[in-house]
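Report on the following structure.
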Amino acid sequence: MKTAGGRTCDLCGYSTSLASSLAAHKKIPIGEKFFQCGSCDYSCTTARNLKTHSNTQTGEKPFQCSSCDLSFSQSGSLMTHSYTHTGEKPYQCTSCDYACSRADLLKKHSYSHTREKPFQCQSCDFSCTQSGNLKKHSYSHTGEKPFQCQSCDFSCTQSINLKKHSYTHTGEKPYKCTSCDYSCTSASNLKGHSYTHTGEKPYQCGSCDYSCTEAGTLKKHSYTHTGEKPYQCTSCDYSCTTSGGLKTHSYTHTKDKPFQCKIFDFSCTQSTLTLGKSHSNSSFCS
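Residue 286 is where the sequence shown ends in our numbering, and the numbering goes up by one at each step.
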């Protein structure tokens, strides 16, 4: 079949500007992969595809962006990259106004309309829309924590959590407030801080007029309506609404008194008690 862009194979969609190339392509039996990589098990039906694959083996990046210094091993990757310069979004959703620069992103977006979750866990009923999320979920079954800190024994299941952890070693606080000198280690913390400037309280209770700046705080508030006490002591029937409350309670079993006065020989189970009236009203423990 001849198209505006050249000649196209009716069976597989292969296209070329040369009639001779199309004729040679049609001689290849369907399913046969005559072109074999000399470095791995990869095989394909065209020399062009083999050449593209070989670039991934040699590290060669012959496709150079004309707008910046980046280069790529595949022409398709260069084309996708070019959209970052032109702002073009050629992949358009047929169900809404969403558009993007990559076919795989459009595919992921389509699941928001179809509710499809094609990636299914083999160990439980969990399913999701991205292979990366399924991989992360699998760690809940295997216990694997592949991201390891190079400075301590900390390990985790996501690279972003390892990055956040690294700030405890470097002291770096890359998220900076544009209205004051505040800086922190996460975008979510910065967002929460911004409410101190705007006065916004976006988390609204559905049962009363209460609102706050953090989802976690709203969750704790909800317990005043539901009566739920999700933090349960493993040594007795005590339960409460916060992890901190459960931690404090645990000291009644362990007899631990982790808060030590720096002046007197006094220790207790709560940090506020080291400054309490029963201990000192003077400046010695302030």
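Just so you know, even glycine gets a beta-carbon here, dropped at the ideal spot from N, CA and C.
Quick one: Cα of A23 to Cα of G76, how far? Here residue 23 corresponds to residue number 23 of the sequence shown, with the count starting at 1. Here residue 76 corresponds to residue number 76 of the sequence shown, with the count starting at 1. The straight-line gap from Cα to Cα measures roughly 24 Å.
At the level of alpha carbons, what is the spacing between S222 and T170? Translated into the one-based positions of the sequence shown, residue 222 becomes position 222. Translated into the one-based positions of the sequence shown, residue 170 becomes position 170. Taken atom to atom, the span from the alpha-carbon of S222 to that of T170 is near 37 Å.
Short of 7 Å in beta carbon distance, which residues of its chain neighbour Q158, apart from the five on each side in sequence? Order them along the chain. For this step, residue 158 is matched to residue 158 along the sequence shown. The residues are K136 and F147.
Using only CA atoms, which one of T224, G244 and T226 lies nearest to Q232? Counting from 1 along the sequence shown, the entry for residue 232 is found at position 232. The residue with the shortest Cα to Cα distance from Q232 is G244.
Measuring straight from C-alpha to C-alpha, what distance separates C100 and T80? On the sequence shown, position 100 is the one that residue 100 refers to. On the sequence shown, position 80 is the one that residue 80 refers to. Those two C-alpha atoms are separated by around 10 Å.
In its own chain, which residues sit with a C-beta less than 8 Å from the C-beta of G132, not counting the 5 before and 5 after it? In the sequence shown, residue 132 corresponds to position 132, counting from 1. If we look at G132 and ignore the five residues flanking it on each side, it has no Cβ neighbours.
Is the beta carbon of H53 sitting closer than 8 Å to the one on S67? As a first step, residue 53 is located in the sequence shown; it is residue number 53 there, counting from the start. As a first step, residue 67 is located in the sequence shown; it is residue number 67 there, counting from the start. Judged by their CB atoms, H53 and S67 are not nearer to each other than the 8 Å cut-off.
Residue burial classification, T94 (beta-carbon count within 10 angstroms, cutoff 16): Here the question's residue 94 lines up with position 94 in the sequence shown. Under this definition T94 is an exposed residue.
What are the partner residues of A99, as DSSP defines its beta bridges? Taking the first residue of the sequence shown as 1, we reach residue 99 at position 99. Paired residues: Q92.
How many Å lie between G206 and F126 at the Cα? For the purposes of this step, residue 206 is taken as residue 206 along the sequence shown, with counting starting at 1. For the purposes of this step, residue 126 is taken as residue 126 along the sequence shown, with counting starting at 1. Near 29 Å, if we compare the C-alpha coordinates of F126 and G206.
Between L246, T58 and R48, which has its C-alpha nearest C40's C-alpha? Locating residue 40 in the sequence shown gives position 40, where the first residue counts as 1. Closest option to C40, Cα to Cα, is T58.
CB-CB length for T269 against T248, believed under 8 Å: Mapped onto the sequence shown, residue 269 falls at position 269. Mapped onto the sequence shown, residue 248 falls at position 248. T269 to T248, Cβ: 6 Å. Contact.
Could you pull the start and end residues of the alpha helix (DSSP H) that L70 belongs to? As a first step, residue 70 must be located in the sequence shown, where it is residue number 70. It is not in any alpha helix (DSSP H) - L70 carries neither H nor E in the DSSP assignment.
Beta-carbon spacing of Y195, S186 below 8 Å: The count along the sequence shown starts at 1 and reaches residue 195 at position 195. The count along the sequence shown starts at 1 and reaches residue 186 at position 186. No, Cβ-Cβ distance for Y195 and S186 is not below 8 Å.
Straight-line gap, H25 to S82 (C-alpha atoms, nearest Å): Position 25 of the sequence shown, counted from the first residue, corresponds to residue 25. Position 82 of the sequence shown, counted from the first residue, corresponds to residue 82. Near 30 Å, if we compare the C-alpha coordinates of S82 and H25.
Within the same chain, show all residues whose beta-carbon is closer than 8 Å to that of N49, passing over the 5 residues directly before and after it, in chain order. As a working mapping, residue 49 is identified with position 49 in the sequence shown. Around N49: F35.
Tell me, please, which residues DSSP counts as bridged to Y203. Residue 203 sits at position 203 when you count from the first residue of the sequence shown. In the DSSP assignment, Y203 is bridged to C212.
Bounding residues of the alpha helix (DSSP H) (the contiguous stretch that carries S75): Residue 75 sits at position 75 when you count from the first residue of the sequence shown. S75 to T86 is the extent of the alpha helix (DSSP H) around S75.
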